[in-house]
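In full-length UniProt numbering, the protein residues as written are 1 to 665. Written out below as structure tokens is the structure these notes cover.
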Amino acid sequence: MKKGVAIVAGVVVVGGVAWLGATWYTGKRIEAEAPARVKEVNDQMAKALPAPYKVELRQVSYERGFFSTKVRYGLVMSAPAAITGDKAFAIEPGMLEFDATVQHGPFPGGALARGHILPNAAFVHAEVAQTEALKPFFALTNGKAPLWSDTVIHYSGDSTGTGGLAPIKSTQDGLTLEFSGATMQAAYKRESQAIKGSFKSDSLVATNPKDEQVDKVAISGMSMDLDTHMGKFGMSVGNTNMQVKRVELQGKQYPMSLDDLGYKLVINEDDKLLNGEAAYSVGKFRLGTTDMGGGQAVIKLANLDGKASEKLAKTYSDLVSAMMAESTGAADPQPAAPQPAAPDPKTSEALMKRVANDVRDVLVASPTLAIDPILWKTDKGEARITYSLALQPLKDTDAPVQDLVRQAIKSMQAHAAINKPMAQDLLARTFVATAGATPEQAAAQANDQLQSALGMAMMMNVARVDGDNVVTDFVYDGAKATLNGQEIPLDALLADAVGAAGDTEPDMPDGVDPDSSPQADATMLHSLDQATIGSLIESAGFELEHRTDQHGEPELNITPGASGARELYARFNECDVDDACENVMLQAVFDSVSPPPYKIINDWNSNNRWGRMYVDGNNQPTLEMDINAYGGIGKDGVEAFVQTFLETVPEVNALLENASKAKTK
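This is the structure in structure tokens:
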């Protein structure tokens with residue numbers, strides 16, 4: 001008996017010594033590997049952020065004990081100063097720090113308490129430390145750590161853990177913020193860099209009675225789930241899901257809410273290719289108390305060459321870094337460090353060429369894009385749009401941009417079907433919810449607007465009627481393009497798609513030279529105002545009145561005189577506090593014509609792309625032209641635009657009068 005007791009006692013002693021030895025060894029191993037783990041984190045952050053931004057995790061202190069270790073880490077961040085000399089954003093040392101208590105394995109108490117009975121390397125509790133800079137934030141959380149985590153670290157390097165965000169309640173200057181807090185769970189596999197986790201939060205509510213537009217925003221039922229791992233081509237593949245049960249906005253005009261918002265991203269791969277699908281959904285949208293329906297959008301990418309996509313992602317990251325460095329005027333945002341020469345703009349030019357080459361490599365696998373569907377649905381019907389694009393390798397990589405686009409597109413199709421009863425009902429619901437119209441008034445107004453828009457669309461061959469649906473079909477087979485069965489000019493289509501990158505010049509009014517540089521003008525304008533535009537209009541012999549519109553933006557009410565227009569306006573927008581505006585729209589409204597002369601309007605739009613004509617909801621033909629000062633515009637150019645518009649108004653009036661006379665004969 002005594003011998004048996006002695007044997008048991010010996011086993012216990014040996015086991016205890018072994019455990020103590022393992023604990024001591026684990027503590028030493030953690031201390032030895034800590035610098036490597038910190039470097040690993042810093043390397044990952046450096047890859048994720050553009051080069052001008054610098055983020056570094058630093059080990060501030062390390063106190064190793066026999067059974068546990070206390071560590072403090074600090075996060076330091078610097079952003080580049082603006083080229084104007086504004087002070088750069090920075091997280092200085094001592095501002096944001098984290099305290100971690102590491103319980104040594106092989107049997108850390110925290111891991112055992114959570115059901116992990118097998119040997120583990122460590123259990124780590126970490127939380128944001130209450131530094132002097134964060135004391136105001138801790139006041140919002142009632143003294144609790146704003147962010148915390150508990151992690152079990154296995155000897156393999158894998159880990160599992162939980163974490164949370166503390167609840168917040170704050171009131172300041174009439175603004176109230178209430179956050180329920182959040183919980184997180186995650187499991188990480190080091191070898192495959194796989195992460196499987198979840199995030200949940202009940203509510204976030206912000207109220208501000210002083211806000212004239214939206215005085216309350218409430219978000220409830222937020223959650224996220226992800227299951228991803230690092231793929232063969234340096235990109236995370238797997239599934240990500242996000243849901244929000246409800247978003248509610250309340251204001252003095254009318255409230256609105258969104259129910260059951262969803263986002264889902266799926267990325268997968270094989271040995272050569274990447275494929276992805278992103279889906280967005282809204283279960284129900286309410287405007288006031290009116291149900292406006294729900295919808296979804298699904299985007300699919302397929303046949304992306306993995307290696308070429310990896311190269312393109314790296315080049316794009318380098319390009320963003322270079323452009324940001326150029327915009328700030330310095331490559332290194334650290335003010336204490338010696339400043340190198342300002343970045344060479346040729347660097348980003350070279351990277352743009354790399355982007356073009358990488359895109360050509362991506363095209364080798366003939367990638368495809370599909371949007372199927374964009375859908376909005378109510379109890380009256382649905383509107384559905386589908387789109388598909390098939391790309392192919394380039395044959396002549398030195399061709400002009402427009403030819404490159406033609407080469408790259410193998411086929412393209414788009415189909416839209418909008419249920420007329422649904423569209424009319426949705427318009428009527430909008431008028432009831434936003435304008436306070438009665439159901440009868442809203443129905444009549446919706447019918448008038450829908451019929452007017454439909455008539456113009458049919459006249460321009462943009463749409464056709466198929467039963468209760470308004471349908472549009474576009475097909476490009478690589479050789480020709482058709483819209484609703486009628487062939488359309490391919491060169492014009494590609495010119496519109498390429499835009500400014502193409503070889504064609506945009507249509508300009510007579511008197512405006514598209515080849516003249518802004519520097520050639522005697523006076524450059526970087527904004528437009530009532531005085532400048534008004535003086536040009538008065539010089540043309542028109543009288544006008546300075547006023548503001550219902551939104552407080554400047555406006556000129558121009559007396560039509562002998563122009564033939566019913567109403568003339570100059571409407572300004574994108575204005576600053578001094579009423580210096582980025583854009584002005586010149587507008588002429590003519591007497592209503594029944595039935596509207598859609599063919600004349602269509603022909604005018606085809607021949608005069610510098611302006612636009614349409615029929616408004618009151619069957620009144622309307623002529624508009626925009627003048628934009630963004631980036632600068634010569635005063636002579638502004639004068640030419642205004643003069644051209646005012647000379648065009650009587651010409652358009654004559655066209656409309658002739659059309660009216662022809663119909664009365």
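Positions of the beta carbon are idealized from the N, C-alpha and C atoms, including for glycine.
Task: CA-to-CA distance, Met625 to Ser527, given in whole angstroms - done: Roughly 17 Å between the two C-alpha positions.
- [ ] Consider the C-beta atom of Asn628 and the heavy atoms of the ligand ATP; say whether any pair is separated by less than 7 Å.
- [x] Of ligands this structure carries none, so the ligand ATP is not represented either.
Open item on the list: Based on DSSP bridge pairs, tell me the residues matched to Asn239.
Closed with: Answer is Asp227, Val266.
Open item on the list: Run through the DSSP bridge pairs and tell me what Trp610 is partnered with.
Closed with: According to DSSP, which records beta bridges pairwise, Trp610 is partnered with nothing at all.
TODO: Identify the continuous beta strand (DSSP E) that holds Gln103 and give its terminal residues.
DONE: Element bounds for Gln103: 90 to 104.
- [ ] For the beta strand (DSSP E) holding Glu204, just list the boundary residues, first then last.
- [x] Residue identity check: residue 204 is Leu in the sequence provided, not Glu. Element bounds for Leu204: 194 to 207.
Open item on the list: Within 8 Å of any Cβ in chain B, is that where the Cβ of Met422 sits?
Closed with: No chain B appears in the structure shown, which is made up of a single protein chain.
TODO: Taking Pro439 as part of the alpha helix (DSSP H), name the residues at either end of that continuous run.
DONE: For Pro439, the uninterrupted alpha helix (DSSP H) run begins and ends at 439 to 459, by DSSP.
TODO: Provide the residue span of the beta strand (DSSP E) that contains Met292, from first to last.
DONE: Unbroken run through Met292: none, as it is neither H nor E.
Open item on the list: Cutting at 6 Å between CB atoms, please list the residues of its own chain near Gly276, excluding the five before and the five after it.
Closed with: Taken in chain order, the residues that qualify are Ile267, Leu301.
Task: For Val401 and Leu568, the rounded distance between their alpha carbons - done: Cα to Cα, Leu568 sits roughly 41 Å from Val401.
Task: the segment 124 to 144 touching the segment 155 to 175, judged by at least three CB pairs closer than 8 Å - done: By the C-beta criterion, the segment 124 to 144 is judged to be in contact with the segment 155 to 175, since at least 3 inter-stretch pairs fall below 8 Å.
Task: Beta-bridge partners of Arg547, as assigned by DSSP - done: Paired residues: Glu555.
Task: Rounded straight-line distance, which links the Cα of Met184 to that of Ser198 - done: If I take the Cα positions, the gap works out to 6 Å.
- [ ] Would you tell me roughly how many angstroms separate the C-alpha atoms of Thr472 and Thr386, rounded to the nearest one?
- [x] Cα to Cα, the separation comes out at about 11 Å.
- [ ] Would you mind giving the Cβ-Cβ distance between Leu602 and Ser452, rounded to the nearest angstrom? I have them listed as a contact below 8 Å.
- [x] Looking at the sequence itself, residue 602 is Asn, so the reference to Leu does not match. With a Cβ gap of about 14 Å, Asn602 and Ser452 do not count as contacting.
Open item on the list: Given a cut-off of 8 Å on the beta-carbon distance, is the pair Met230 and Ala313 in contact?
Closed with: Against a cut-off of 8 Å, the Cβ pair of Ala313 and Met230 comes out as no contact.
Open item on the list: So if DSSP puts Trp604 in a beta bridge, which residue, or which two residues, is it bridged to?
Closed with: Looking at the DSSP output, Trp604 shares a beta bridge with no other residue.
Open item on the list: I'd like the span of the beta strand (DSSP E) that includes Ala486, first residue to last.
Closed with: Per the sequence shown, the amino acid found at residue 486 is Gln instead of Ala. 486 to 488 is the extent of the beta strand (DSSP E) around Gln486.
Open item on the list: Within a Cβ cutoff of 6 Å, which residues of the same chain sit near Leu623, ignoring the five residues on either side of it in sequence?
Closed with: Taken in chain order, the residues that qualify are Ala588, Met613, Val652.
Open item on the list: Check for me: the beta strand (DSSP E) holding Glu567 runs from which residue to which?
Closed with: Where Glu567 is concerned, the enclosing beta strand (DSSP E) stretches over 567 to 575.
TODO: Give, in chain order, every unbroken run of the alpha helix (DSSP H) that is at least 4 residues long and sits entirely within the segment 125 to 150.
DONE: Whole alpha helix (DSSP H) segments, 4+ residues: 135 to 140.
Open item on the list: Please classify Gly306 as buried or exposed, where buried requires at least 16 other C-beta atoms within 10 Å of its C-beta.
Closed with: The residue in question, Gly306, is buried, as its Cβ has 16 or more Cβ neighbours within 10 Å.
Task: Spatial neighbours of Asp291 in its chain, beta-carbon cut-off 7 Å, leaving aside the 5 residues before and after - done: Excluding residues within five positions, the ones whose Cβ falls inside 7 Å are Lys284.
- [ ] Return the chain-ordered list of same chain residues with a C-beta closer than 8 Å to the C-beta of Gly541, the five sequence neighbours on each side being excluded.
- [x] Cβ within range, chain order: Gly561.
Open item on the list: Please return the same chain residues whose Cβ sits closer than 8 Å to the Cβ of Lys410, not counting the five positions on each side in sequence.
Closed with: Within the same chain, Lys410 has close Cβ partners Ser366, Ala390, Leu391, Gln392, Gly478.
- [ ] Run the CB neighbour count on Lys353, radius 10 Å, all protein chains shown included, and call it buried at 16 or more, exposed below.
- [x] Around the beta-carbon of Lys353, fewer than 16 other beta-carbon atoms lie within 10 Å, marking it exposed.
Open item on the list: In this structure, how does DSSP classify Pro35 when only helix, strand and coil are distinguished?
Closed with: Three-state DSSP puts Pro35 in a helix.
Open item on the list: Since Asp260 and Lys311 should fall inside the 8 Å C-beta cutoff, what is the C-beta to C-beta distance between them, to a whole number of angstroms?
Closed with: Going by Cβ atoms, the distance from Asp260 to Lys311 rounds to 39 Å, so no, they are not a contact pair.
Open item on the list: Buried or exposed, going by whether 16 or more other CB atoms sit within 10 Å of the CB of Arg429?
Closed with: Arg429 is classed as buried because its beta carbon has at least 16 other beta carbons within 10 Å across all chains shown.
Open item on the list: Comparing C-alpha positions only, which one of Arg29, Gly74, Phe590, Met45 sits nearest to Gly65?
Closed with: Among Arg29, Gly74, Phe590, Met45, the Cα nearest to that of Gly65 is on Arg29.
TODO: Name the residue from Gly74, Gly238, Gly115, Thr532 whose alpha carbon lies nearest to the alpha carbon of Glu97.
DONE: When only C-alpha atoms are compared, the closest one is Gly74.
TODO: Using the DSSP secondary-structure output, state which residues sit across from His415 in a beta bridge.
DONE: Answer is Thr386, Asp473, bridged to His415.
- [ ] Could you give the DSSP three-state label for Gln587: helix, strand or coil?
- [x] The answer is strand: DSSP assigns Gln587 an E or B state.
Task: Same chain only: Cβ atoms within 7 Å of Gly161, ignoring 5 sequence neighbours per side - done: Contacts found: Ser149, Asp150, Thr151, Val152, Ala186.
TODO: From the DSSP output, read off the bridge partner residues of Ile537.
DONE: Looking at the DSSP output, Ile537 shares a beta bridge with no other residue.
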